[in-house]
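Going line by line, the protein sequences match chains A and B.
Under the numbering used here, the first sequence is numbered contiguously, ending at residue 13.
Under the numbering used here, the second sequence is numbered contiguously, ending at residue 310.
Read the structure below first, then the notes.
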Amino acid sequence: MIETFPLEQAADAYARMMQDKARFRVVLVTGQ
Amino acid sequence: MEACGICHTDAATVTGTYPGLKLPRVPGHEVVGRIEALGSGVSRWKIGRRVGVGLIAGEDGVCEPCRRGDTVNCQNPVASGVTADGGYAEVMIAEARALSSIPDELTSAEAAPLLCAGVTTYNALRNAGLRGGDLVAVQGIGGLGHLGVQFARQMGFHTVAIGRGREKEKLAKNLGAHVYIDSTGEDTAAVLQRMGGARAILATGTSGDAMGPLLPGLAARGKLIIIGGSKRRNSAECFPACLWRALDLRNTDGYAD
Chain A
-18 MIETFPLEQA ADAYARMMQD KARFRVVLVT GQ
Chain B
54 MEACGICHTD AATVTGTYPG LKLPRVPGHE VVGRIEALGS GVSRWKIGRR VGVGLIAGED
114 GVCEPCRRGD TVNCQNPVAS GVTADGGYAE VMIAEARALS SIPDELTSAE AAPLLCAGVT
174 TYNALRNAGL RGGDLVAVQG IGGLGHLGVQ FARQMGFHTV AIGRGREKEK LAKNLGAHVY
234 IDSTGEDTAA VLQRMGGARA ILATGTSGDA MGPLLPGLAA RGKLIIIGGS KRRNSAECFP
294 ACLWRALDLR NTDGYAD
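The structure is reproduced here in structure tokens:
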């Protein structure tokens, strides 16, 4: 089960994981 | 790069606390992408092939574990996002020996977390000497545990999910858990013992405080498999001492096998 974020939002996505908010794996993606 | 999972281990790169880390370094070790170019001498891979790269991306071949053929426990590995730039990027360079083919059935984003979180939970269960029908509990329904429950069920184990509160009960059962235990409202070990005792408990949300009460829930010769770290003191002290070692900690039964 994943949540995707554009690569440009890597810092926000990383913060989401660090705050234990990810349900359940955060994945950076390109080309969207 | 098409997709790169964010793993808690990335924090050791981001905060610069990884032993021997030299900055700047691009984090990311759950990487899926397509081969855009090949180095000279690479013959097994073709441009355009979709591939994955995980954390362990090469071995030194000369350390003690490598010389015993245990390259996954290399003491001096190439590590994506640690000794080499990783996948928080549009492109990355990986050694050919680090690549895995990604099956067409998976999207890149779905496949990416399997390169670390997936293999961690999968191999932990696969290599635990378990048999179909064994009682296996997964403690913590999070980034690792939600995968562990699915693998345990699909491997044919009688699968127990252990979480704090009832919030994730429905989810855990939808993922395949036969039984859900709320560790805040139930005596986890007693429930497991009523079912015969767990042959293995996969501990993913691990602090010493969460781990200790699980031990009486194990069957004779049961195994507590620790795959998650936490920010709490007990496991923070363990990192990085326990890294790259696949330790097997046992108590004694008083008799030689």
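Ideal Cβ positions, reconstructed from N, Cα and C, are used throughout, including at glycine.
Kindly indicate which three-state DSSP category residue i falls into: helix, strand or coil?
i	result
GLN(-10) of chain A	helix
SER153 of chain B	strand
ALA170 of chain B	helix
ASP235 of chain B	strand
LYS276 of chain B	strand
ALA263 of chain B	helix
ARG179 of chain B	helix
GLN207 of chain B	helix
ARG97 of chain B	coil
VAL7 of chain A	strand
GLU(-16) of chain A	strand
ARG102 of chain B	coil
ARG121 of chain B	coil
ALA147 of chain B	coil
ARG252 of chain B	strand
LEU268 of chain B	helix
ALA20 of chain B	The shown model of chain B, from 54 to 310, leaves out residue 20 of chain B, and the question about it has no answer.
ALA137 of chain B	strand
VAL244 of chain B	helix
TYR71 of chain B	coil
LYS223 of chain B	helix
GLY114 of chain B	coil
ALA230 of chain B	coil
GLU79 of chain B	Per the sequence shown, residue 79 of chain B should be read as Val rather than Glu. VAL79 of chain B: coil per DSSP, three-state reduction.
Does any CB atom of chain A fall closer than 7 Å to the CB of residue i?
i	result
CYS116 of chain B	no
CYS57 of chain B	yes
GLY195 of chain B	yes
PRO72 of chain B	no
HIS199 of chain B	yes
PRO166 of chain B	yes
MET54 of chain B	yes
TYR233 of chain B	no
TYR141 of chain B	yes
ALA162 of chain B	yes
PRO269 of chain B	no
Is there a C-beta anywhere in chain B that falls below 7 Å from the one on residue i?
i	result
ALA(-9) of chain A	yes
ALA(-6) of chain A	yes
Which term fits residue i, buried or exposed, when burial requires 16 or more other beta carbons within 10 angstroms of its beta carbon?
i	result
VAL115 of chain B	exposed
TYR71 of chain B	buried
ILE234 of chain B	buried
PRO(-13) of chain A	exposed
SER133 of chain B	buried
ASP123 of chain B	exposed
GLY193 of chain B	buried
ARG184 of chain B	exposed
GLY48 of chain B	There is simply no residue 48 of chain B to check, as chain B begins at 54 and stops at 310 in what is shown.
ILE59 of chain B	buried
ASP311 of chain B	What the structure shows of chain B is the stretch from 54 to 310, and residue 311 of chain B is not part of that stretch, so it cannot be assessed.
VAL144 of chain B	exposed
Look up residue i in the DSSP assignment and give the residues it is bridged to.
i	result
THR160 of chain B	Bridge partners of THR160 of chain B: none, in fact.
LEU188 of chain B	B:HIS211
CYS57 of chain B	A:LEU9 and B:VAL84
GLY216 of chain B	B:ASP235
ILE109 of chain B	B:ALA132
*Does the stretch -4 to 11 of chain A touch the stretch 101 to 108 of chain B, meaning 3 or more C-beta pairs lie closer than 8 Å?*
Cβ pair count under 8 Å is below three, so no.
*Report yes or no: do three or more beta-carbon pairs, one from the stretch 148 to 155 of chain B and one from the stretch 66 to 83 of chain B, lie closer than 8 Å?*
The stretch 148 to 155 of chain B, when compared against the stretch 66 to 83 of chain B, does not touch it at the 8 Å Cβ threshold.
_Would you call the stretch 197 to 208 of chain B in contact with the stretch 162 to 180 of chain B, where contact means no fewer than 3 C-beta pairs closer than 8 Å?_
They touch, by the three-pair rule.
*Could you say if the stretch 230 to 245 of chain B and the stretch 262 to 270 of chain B meet the contact criterion of at least three C-beta pairs nearer than 8 Å?*
The stretch 230 to 245 of chain B makes contact with the stretch 262 to 270 of chain B: 3 or more CB pairs, one atom from each, lie closer than 8 Å.
*Determine contact between the stretch 58 to 67 of chain B and the stretch 80 to 87 of chain B, defined as no fewer than three beta-carbon pairs at a distance below 8 Å.*
Short answer: they touch.
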